[in-house]
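Asker:
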Amino acid sequence: MSIQPTPGPPPYQEPDGERRPETPEEPPGGSPQRESRPPPTLRPARPRWQETLSLLAHNPTAAIASVVLLLIVVVAVFDDTFASEGANEISVTDRLQPPSWEHPFGTDDLGRDILSRVILGASVSLRVGFLAVGFALVVGTLIGLLAGYYGKRVDDVLMRFMDMLFAFPAVLLAIAVLAVRGPGSGNTALAIGIVYTPIFARVTRASVLGVREEVYVRASRSVGASDWRILTRHILPNAAPPIIVQTSISLAFAVLAEAALSFLGLGTQPPNPSWGLMLAEGRGFIELAWWLAFFPGMAIFLTVLCFNLLGDGLRDVLDPRQRTQMAGGSRAAGAAAAAETGGNA
Amino acid sequence: MFGLVHLVPGDPVRLALGTRFSQESYDALRERSGLDQPLVEQFFGWFGRALTGDLGVSFRSGETVTSQIAERLPATLTLAFASILVALLIAVPLGTVSALRPRSLVDRVATVISQFGISVPDFWMGIVLILVFAGTLGWLPSGGYVPLTEDPGAWLQRLLMPALVTGVVSGSVITRFVRSSVLEALGADHVRTAQAKGLGTRQVFTWHVLRNALLPLVTVTGVQLAYLLSGVVVVEIVFSWPGLGQLALQAVQARDYPVLQGAILLFALVFLVINLVVDLLYSAIDPRIRR
Numbered sequence: 010m011s012i013q014p015t016p017g018p019p020p021y022q023e024p025d026g027e028r029r030p031e032t033p034e035e036p037p038g039g040s041p042q043r044e045s046r047p048p049p050t051l052r053p054a055r056p057r058w059q060e061t062l063s064l065l066a067h068n069p070t071a072a073i074a075s076v077v078l079l080l081i082v083v084v085a086v087f088d089d090t091f092a093s094e095g096a097n098e099i100s101v102t103d104r105l106q107p108p109s110w111e112h113p114f115g116t117d118d119l120g121r122d123i124l125s126r127v128i129l130g131a132s133v134s135l136r137v138g139f140l141a142v143g144f145a146l147v148v149g150t151l152i153g154l155l156a157g158y159y160g161k162r163v164d165d166v167l168m169r170f171m172d173m174l175f176a177f178p179a180v181l182l183a184i185a186v187l188a189v190r191g192p193g194s195g196n197t198a199l200a201i202g203i204v205y206t207p208i209f210a211r212v213t214r215a216s217v218l219g220v221r222e223e224v225y226v227r228a229s230r231s232v233g234a235s236d237w238r239i240l241t242r243h244i245l246p247n248a249a250p251p252i253i254v255q256t257s258i259s260l261a262f263a264v265l266a267e268a269a270l271s272f273l274g275l276g277t278q279p280p281n282p283s284w285g286l287m288l289a290e291g292r293g294f295i296e297l298a299w300w301l302a303f304f305p306g307m308a309i310f311l312t313v314l315c316f317n318l319l320g321d322g323l324r325d326v327l328d329p330r331q332r333t334q335m336a337g338g339s340r341a342a343g344a345a346a347a348a349e350t351g352g353n354a
Numbered sequence: 015m016f017g018l019v020h021l022v023p024g025d026p027v028r029l030a031l032g033t034r035f036s037q038e039s040y041d042a043l044r045e046r047s048g049l050d051q052p053l054v055e056q057f058f059g060w061f062g063r064a065l066t067g068d069l070g071v072s073f074r075s076g077e078t079v080t081s082q083i084a085e086r087l088p089a090t091l092t093l094a095f096a097s098i099l100v101a102l103l104i105a106v107p108l109g110t111v112s113a114l115r116p117r118s119l120v121d122r123v124a125t126v127i128s129q130f131g132i133s134v135p136d137f138w139m140g141i142v143l144i145l146v147f148a149g150t151l152g153w154l155p156s157g158g159y160v161p162l163t164e165d166p167g168a169w170l171q172r173l174l175m176p177a178l179v180t181g182v183v184s185g186s187v188i189t190r191f192v193r194s195s196v197l198e199a200l201g202a203d204h205v206r207t208a209q210a211k212g213l214g215t216r217q218v219f220t221w222h223v224l225r226n227a228l229l230p231l232v233t234v235t236g237v238q239l240a241y242l243l244s245g246v247v248v249v250e251i252v253f254s255w256p257g258l259g260q261l262a263l264q265a266v267q268a269r270d271y272p273v274l275q276g277a278i279l280l281f282a283l284v285f286l287v288i289n290l291v292v293d294l295l296y297s298a299i300d301p302r303i304r305r
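Going down the list, the protein sequences come from chains A and B.
Going by this note's numbering, 149 is the number at position 140 of the first sequence; the sequence numbering is gapless.
Going by this note's numbering, 203 is the number at position 189 of the second sequence; the sequence numbering is gapless.
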């Protein structure tokens with residue numbers, strides 16, 4: 010059988026591999042076959058993304074979490090619209106005002122409106138979170154894919170390196186990266202991304218090992234598909250569910266870590282509002298004005314909780330088998346390690 | 015690890031000397047601390063001395079690194095073990111109860127509690143506790159550390175809040191593991207056999223379920239303990255707890271290479287020792303592994 014050159018699809022393609030869930034990880038590039046050939050009577054092994062969504066909608070906690078997250082994201086994206094001009098404006102007459110109609114969350118020691126600062130902080134926290142997880146997702150997934158697919162020496166070299174990173178205490182590793190690169194939002198994202206890369210690599214590798222020897226992979230190899238094609242069209246889509254779950258849980262961790270690092274004075278720098286920084290500033294006034302530290306902390310808690318709940322919901326829908334293995338949200342670093350050590354011991 | 019520490023920019027000698035110093039004193043200190051040698055030589059020198067228990071001298075305070083670590087160790091050990099105790103006291107009953115009655119009200123409440131503990135920022139919880147118990151109620155001091163040998167009452171008072179904060183966080187993670195491993199053990203064939211041959215519920219539970227559920231529990235507890243011994247910097251800061259995390263943070267800020275290297279070496283050792291202990295416990299619990 011001769012193989013047509015790309016971009017055309019190979020003459021025969023495993024229906025199983027083609028009708029996989031259109032997860033966000035699946036690379037674009039629609040195949041013309043999708044419309045031209047009716048799906049075979051085989052039921053897809055996993056729900057497609059519409060089904061995933063509808064299943065999620067039937068999970069009340071996950072649905073509520075998604076809605077709240079969506080709200081937070083909208084507020085963060087349009088922060089200029091929602092935040093009043095008082096966010097970075099110092100006003101001596103308005104200092105340390107308790108919550109009121111005018112200032113629902115009160116004002117801080119410089120008279121700045123805390124609600125506005127919490128809103129601006131949302132965009133900082135989420136940006137750092139998404140950047141960090143984006144970095145870990147891309148780098149970690151790539152490493153995991155290569156290690157899992159090629160095995161042997163590639164696997165050894167890549168995963169030993171990942172283990173080395175993993176053995177560092179997470180907070181210290183992030184602090185060390187920030188010490189090297191200097192404080193700031195971008196470097197915070199990089200630091201958190203580096204901390205979480207090994208976890209994505211492990212999750213991806215484990216998942217790839219699970220599908221590497223499936224019939225549809227062997228079939229496409231036998232018709233001469235390239236490694237790249239097999240990896241992107243067959244292995245990645247089928248290995249994606251645990252990675253998606255991990256992404257949601259990692260976002261929770263990243264938001265928490267950004268807050269912790271900013272709290273220590275290593276992350277976002279003043280006068281930019283970041284939830285962790287506001288907590289650190291409010292700490293000194295805790296007995297005088299509780300609202301300074303309370304509301305930013307509440308914001309962190311709510312965001313992290315929603316990402317964790319969404320992650321749990323996604324896991325139930327996408328990957329029921331993993332339920333026992335990967336408990337734990339923000340501290341999933343430890344939990345994932347436990348799952349691993351449990352396997353090795 | 016050594017390389018990473020030296021990547022930290024900033025000249026430690028300059029920081030140690032302050033703003034006014036002569037070129038001679040700069041060179042002298044640089045030579046004394048061995049920073050004028052090539053990095054590779056510095057590494058092997060440090061490694062050789064570390065093997066004999068000599069971790070060098072802090073650039074900042076001039077004390078030996080071992081004495082600085084030894085000074086901080088009791089506080090860190092106290093907090094870590096107290097937190098693990100709190101965590102297990104929360105996790106084992108909560109996880110077991112919710113596994114025994116899955117999807118019941120108890121299970122739902124337990125899930126909510128553990129979800130809360132996993133998501134709450136520990137430093138914020140610390141601040142809120144300080145506000146309530148130290149501020150409004152005035153029952154407990156807001157922070158600090160008193161050695162047990164000096165004043166047991168004061169020791170306990172100061173330990174309660176930080177241990178509760180870190181314990182709740184670790185406990186929430188452990189709860190989920192306990193729940194899932196008990197659930198799994200409950201569904202195993204040998205449990206059904208034990209029930210079928212007419213053993214009492216209590217007997218089945220202690221000998222057939224709990225023992226099998228213990229393995230994952232030991233693993234997570236080990237991981238959590240390693241985390242507590244190395245990484246509770248933020249909680250230490252909130253409660254002015256003079257632990258190793260604070261020491262490491264200060265070392266990073268002051269470019270105090272010897273202290274930072276010493277601390278990281280210690281964390282790596284802790285990690286190894288805990289893994290070893292976990293493995294030993296494994297074979298003690300599960301005779302199948304011994305073979």
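Heads up, the beta-carbon is just placed ideally off N, CA and C, and yes, glycines get one too.
Could you tell me if Asp270/B is buried or exposed, where buried requires 16 or more neighbouring beta carbons within 10 angstroms of its beta carbon?
Answerer: Buried, by the Cβ-count rule.
Asker: Let me know if Phe303/A comes out buried or exposed under the rule of 16 or more other beta-carbons within 10 Å of its beta-carbon.
Answerer: That one is buried.
Asker: Rank Val123/B, Val287/B, Val183/B, Ala265/B by C-alpha distance to the C-alpha of Val79/B and give the top, closest one.
Answerer: Per the Cα distances, Ala265/B.
Asker: Between Ala188/A and Gly153/A, which are expected to be in contact by the criterion C-beta below 8 Å, what is the C-beta distance as a whole number of angstroms?
Answerer: Wrong, their Cβ atoms sit about 28 Å apart, outside the cutoff.
Asker: Against chain B, with Cβ distances strictly below 9 Å, would Asp5/A count as a contact?
Answerer: Because chain A here runs from 10 to 354, residue 5/A falls outside it and cannot be looked at.
Asker: So which residues on chain B does Gly157/A lean against when the C-beta distance must stay under 9 Å?
Answerer: Neighbours of Gly157/A on chain B: none; closest Cβ ~23 Å, over 9 Å.
Asker: In chain order, which alpha helix (DSSP H) runs of at least 4 residues are fully inside the region 230 to 288 of chain A?
Answerer: Runs of the alpha helix (DSSP H) inside the region 230 to 288 of chain A: 245 to 272.
Asker: Name the two residues that bound the continuous alpha helix (DSSP H) containing Arg117/B.
Answerer: Looking at the DSSP string, Arg117/B is not in any alpha helix (DSSP H), and its letter there is neither H nor E.
Asker: With DSSP as the reference, identify every bridge partner of Asp122/A, one or two as the case may be.
Answerer: DSSP output for Asp122/A lists Thr116/A as bridge partner(s).
Asker: List, in chain order, every chain B residue whose beta-carbon is nearer than 9 Å to that of Val313/A.
Answerer: Result: Ile132, Ser133, Val134, Pro135.
Asker: Chain B partners of Ala268/A, CB-CB under 7 Å?
Answerer: Ordered by position in chain B, the residues that pass the 7 Å Cβ test against Ala268/A are Pro135.
Asker: Measuring CA to CA, which of Leu197/B, His204/B, Ala208/B, Ser244/B is closest to Ala113/B?
Answerer: Taking only the C-alpha atoms, the option nearest Ala113/B is Leu197/B.
Asker: Name the chain B residues whose beta carbon is nearer than 9 Å to that of Leu318/A?
Answerer: Within 9 Å Cβ-Cβ: Gln129, Ser133.
Asker: Taking all protein chains shown into account, decide if Ala262/B is buried (16 or more other Cβ within 10 angstroms of its Cβ) or exposed.
Answerer: Buried, since its Cβ has 16 or more Cβ neighbours within 10 Å.
Asker: Could you name the residues of chain A that Ser254/B contacts, counting a contact when the two beta carbons are closer than 8 Å?
Answerer: Per Cβ cutoff of 8 Å: no residues; Ser254/B is ~11 Å from chain A at best.
Asker: Counting only Cβ pairs nearer than 7 Å, list the residues of chain B close to Leu272/A.
Answerer: In the sequence as displayed, the identity of residue 272/A is Phe instead of Leu. Result: Phe137, Val248.
Asker: For the 8 Å Cβ check, are there 3 or more pairs between the region 139 to 153 of chain A and the region 201 to 219 of chain B?
Answerer: Verdict: no, contact absent.
Asker: Rounded to the nearest angstrom, what separates Leu213/B and Pro256/B at their Cα positions?
Answerer: Rounded to the nearest angstrom, the two C-alpha atoms are 52 Å apart.
Asker: Would DSSP call Lys161/A helix, strand or coil?
Answerer: Note: Lys161/A maps to helix in three-state DSSP.
Asker: Taking the beta carbon of Trp138/B as the centre, do at least 16 other beta carbons fall within 10 Å, making it buried, or is it exposed?
Answerer: Buried, since its Cβ has 16 or more Cβ neighbours within 10 Å.
Asker: What do you reckon, are the CB atoms on Leu275/A and Thr197/A nearer than 9 Å?
Answerer: Yes, the pair counts as a contact, with Cβ atoms nearer than the cut-off.
Asker: Give the C-beta separation of Thr312/A and Ser125/A to the nearest angstrom, bearing in mind that I take them to be a contact with Cβ-Cβ under 8 Å.
Answerer: Contact flag wrong, Cβ pair sits at about 17 Å.
Asker: I'd like to confirm something about Glu223/A: is its beta-carbon nearer than 8 Å to some heavy atom of the ligand SAH, or not?
Answerer: The ligand content of the structure shown is nil, which means the ligand SAH is not present either.
Asker: Would you say Leu263/B reaches chain A, if we count a Cβ-Cβ gap shorter than 9 Å as a contact?
Answerer: Yes - at least one Cβ of chain A is within 9 Å of the one on Leu263/B.
Asker: Of all the options Arg302/B, Ser254/B, Gly259/B, Thr110/B, which has the alpha carbon lying nearest to the alpha carbon of Tyr159/B?
Answerer: Closest by alpha carbon: Ser254/B.
Asker: Would you be able to state if there are at least three C-beta pairs under 8 Å between the region 59 to 72 of chain A and the region 320 to 327 of chain A?
Answerer: The region 320 to 327 of chain A is in contact with the region 59 to 72 of chain A.
Asker: Is it buried or exposed for Leu80/A, if we count other Cβ within 10 angstroms and need 16 for buried?
Answerer: So Leu80/A ends up on the exposed side.
Asker: Between Ala185/A and chain B, is there a C-beta pair that is closer than 9 Å?
Answerer: Closer than 9 Å to some Cβ of chain B, the Cβ of Ala185/A qualifies, so yes.
Asker: How is Ile295/A classed by DSSP in three states: helix, strand or coil?
Answerer: Ile295/A: coil per DSSP, three-state reduction.
Asker: Once DSSP output is grouped into helix, strand and coil, what is the label at Trp169/B?
Answerer: Looking at Trp169/B - three-state DSSP - the assignment turns out to be helix.
Asker: Under 8 Å by Cβ, that's how I've got Ala185/A and Val204/A pegged, so tell me the actual separation to the nearest angstrom.
Answerer: Incorrect: roughly 10 Å between the Cβ atoms, too far for contact.
Asker: On the three-state DSSP scale, how would you describe Arg221/A?
Answerer: Three-state result, Arg221/A: coil.
Asker: So what's Phe144/A in DSSP terms, helix, strand or just coil?
Answerer: Three-state DSSP puts Phe144/A in a helix.
Asker: Starting from Arg269/B and walking both ways along the alpha helix (DSSP H), at which residues does that stretch end?
Answerer: Unbroken run through Arg269/B: none, as it is neither H nor E.
Asker: Would you kindly work out how many angstroms separate the C-alpha atoms of Thr61/A and Val217/A, rounded to a whole number?
Answerer: Roughly 21 Å separates the two Cα atoms.
Asker: Here's the rule I'm using: 16 or more other beta-carbon atoms within 10 Å means buried, otherwise exposed. How should Val273/B be labelled?
Answerer: Its Cβ being crowded by 16 or more others within 10 Å, Val273/B is buried.
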